[in-house]
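Novice: Mind having a look at this structure? Questions to follow.
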Amino acid sequence: MRRPLRLAGVLAVAALLAACASPTPQPAASGGQLGGTLEVYAAASLQRSFDEIATAFEAAHPGVTVSPVYDGSSTLATQIGEGAPADVFASADEKNMSKVAAQAPGPRIFAANTLVIAVPAGNPGGVETLEDLSRVTTVLCAPEVPCGAASQTLLSNAGVTVSPASAEQNVTAVLTKVAAGEADAGLVYATDVVGRDDVEAIVPDGADAVVNRYPIAALTDAPNPAAAAAFVAFVLSDDGQRILADAGFRAP
Numbered sequence: 041m042r043r044p045l046r047l048a049g050v051l052a053v054a055a056l057l058a059a060c061a062s063p064t065p066q067p068a069a070s071g072g073q074l075g076g077t078l079e080v081y082a083a084a085s086l087q088r089s090f091d092e093i094a095t096a097f098e099a100a101h102p103g104v105t106v107s108p109v110y111d112g113s114s115t116l117a118t119q120i121g122e123g124a125p126a127d128v129f130a131s132a133d134e135k136n137m138s139k140v141a142a143q144a145p146g147p148r149i150f151a152a153n154t155l156v157i158a159v160p161a162g163n164p165g166g167v168e169t170l171e172d173l174s175r176v177t178t179v180l181c182a183p184e185v186p187c188g189a190a191s192q193t194l195l196s197n198a199g200v201t202v203s204p205a206s207a208e209q210n211v212t213a214v215l216t217k218v219a220a221g222e223a224d225a226g227l228v229y230a231t232d233v234v235g236r237d238d239v240e241a242i243v244p245d246g247a248d249a250v251v252n253r254y255p256i257a258a259l260t261d262a263p264n265p266a267a268a269a270a271f272v273a274f275v276l277s278d279d280g281q282r283i284l285a286d287a288g289f290r291a292p
């Protein structure tokens, strides 16, 4: 009777060893386990909405700290091309995204925008149309910046020639000068004037024909690729799109 008992003991020990050698598989890491710093390079016109998106993304992924960099899309594209350690690039137009096509494959359009004439509160220059921009002190974005290229198209379509008092490197700088009363008018995005009481907006004729489409992409050499992919997905999600819509952006 001892042989069966001894065999049973051996089998029990073998089963125990097998269990130790083959632990129960653990579930895969969830999105909430993302971590590290996420460098997001985004067009200046996205600052308000992307600040809110960053806060919401950090709430969904507590281990991640979003570090946004805002500037003109042309400036950001140049920096990325020179090796800036960005994880995500969100441009205000497709032209500047195409400049970094090797680093940002497969960009997705996530929003759209149009131009308005911004004037200081009270409209001291009496601006009503695009034609008025040629008789008052006007500031525009530089031609290489998306808002500048769109401005040139809008003015050209209307047959209006404007000699700007200055050509700014991003749309925020244009709006700052208008709000401070340093200019009578400027062309900015419709989203830039939402919720502000220091400027007024005039929708010019032909604005709907000049639409900037905003692409976003995770960069191939992103220092934090998992968080970069998750951030792009969040911007494209219903929550991200809701934030953008509240800021005045059009659907892609």
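Heads up: the sequence shown begins at 41 in my numbering, then just goes up one per residue.
From the three backbone atoms N, C-alpha and C, an ideal C-beta is built for every residue, glycine too.
Whole angstroms is fine: what's the gap from Ala267's alpha carbon to Ala141's?
Specialist: The straight-line gap from Cα to Cα measures roughly 20 Å.
Novice: With H, G and I counted as helix, E and B as strand and the rest as coil, what does DSSP make of Asn210?
Specialist: Of the three classes helix, strand and coil, the one that applies to Asn210 here is coil, per DSSP.
Novice: So if DSSP puts Asn153 in a beta bridge, which residue, or which two residues, is it bridged to?
Specialist: Per DSSP, Asn252.
Novice: With DSSP run on the structure shown, which of helix, strand or coil describes Gly162?
Specialist: Gly162: coil per DSSP, three-state reduction.
Novice: Roughly how many angstroms separate the alpha carbons of Thr169 and Asp245, rounded to a whole number?
Specialist: Between Thr169 and Asp245, the C-alpha separation is close to 8 Å.
Novice: Use the C-beta contact count for Val299: other C-beta atoms within 10 angstroms, 16 or more gives buried, fewer gives exposed.
Specialist: Residue 299 is absent from the model: the chain starts at 41 and stops at 292.
Novice: Would you report the Cα separation of Phe129 and Val243, rounded to the nearest angstrom?
Specialist: If I take the Cα positions, the gap works out to 29 Å.
Novice: Between which two residues does the alpha helix (DSSP H) holding Asp279 run?
Specialist: That run of the alpha helix (DSSP H) goes Asp278 to Asp286.
Novice: Among the residues of its own chain, which have a CB less than 6 Å from the CB of Tyr81, if the five just before and after it don't count?
Specialist: Answer for Tyr81: Val109, Leu116, Ala126 and Phe129, listed in chain order.
Novice: Do the CB positions of Ile256 and Ile93 come within less than 8 Å of each other?
Specialist: No.
Novice: Mind checking whether Phe271 and Phe97 have CB atoms under 8 Å apart?
Specialist: In contact: Phe271 and Phe97 (Cβ atoms closer than 8 Å).
Novice: Considering only the beta carbon of each residue, do Ala207 and Leu227 sit closer than 8 Å?
Specialist: The answer is no: Cβ separation not under 8 Å.
Novice: Run through the DSSP bridge pairs and tell me what Thr216 is partnered with.
Specialist: DSSP output for Thr216 lists no bridge partner at all.
Novice: What does the Cβ neighbour count give for Asp248, buried or exposed, with the cut at 16 atoms within 10 Å?
Specialist: Exposed.
Novice: For Ser174 and Leu86, I'd like the C-alpha separation in whole angstroms.
Specialist: In a straight line, the C-alpha of Ser174 is about 28 Å away from that of Leu86.
Novice: Am I right that Asp224 and Thr177 are in contact with their C-beta atoms under 8 Å? What's the rounded C-beta distance?
Specialist: Going by Cβ atoms, the distance from Asp224 to Thr177 rounds to 5 Å, so yes, they are a contact pair.
Novice: What did DSSP end up calling Thr77 once you bin it into helix, strand or coil?
Specialist: Here Thr77 sits in strand by DSSP.
Novice: Nearest by alpha-carbon distance to Leu307: which of Val104, Pro147, Pro160 and Asn136 is it?
Specialist: This structure cannot settle anything about residue 307, because the visible part of the chain is limited to 41 through 292.
Novice: Assuming Ser107 is part of the beta strand (DSSP E), what are its boundary residues?
Specialist: From DSSP, the beta strand (DSSP E) with Ser107 extends over Val104 to Asp111.
Novice: Pro67 by DSSP, collapsed to three states: which one?
Specialist: Low confidence applies here, because Pro67 scores a pLDDT of 31, under 50, leaving its location unreliable and the question unanswered by this model.
Novice: Please state whether the Cβ-Cβ distance between Val167 and Val218 is less than 8 Å.
Specialist: Taking 8 Å as the Cβ cut-off, Val167 and Val218 do not qualify as a contacting pair.
Novice: Of the choices Asn197, Leu259, Leu195 and Arg236, whose alpha-carbon is the least far from that of Met137?
Specialist: Minimum Cα distance to Met137 is reached at Leu259.
Novice: Measure the beta-carbon distance from Val156 to Ala213 and round it to whole angstroms, keeping in mind my assumption that it falls under 8 Å.
Specialist: Going by Cβ atoms, the distance from Val156 to Ala213 rounds to 16 Å, so no, they are not a contact pair.
Novice: What separation, rounded to the nearest whole angstrom, lies between the Cα atoms of Gly288 and Pro183?
Specialist: Looking at the two C-alpha atoms, the distance is approximately 24 Å.
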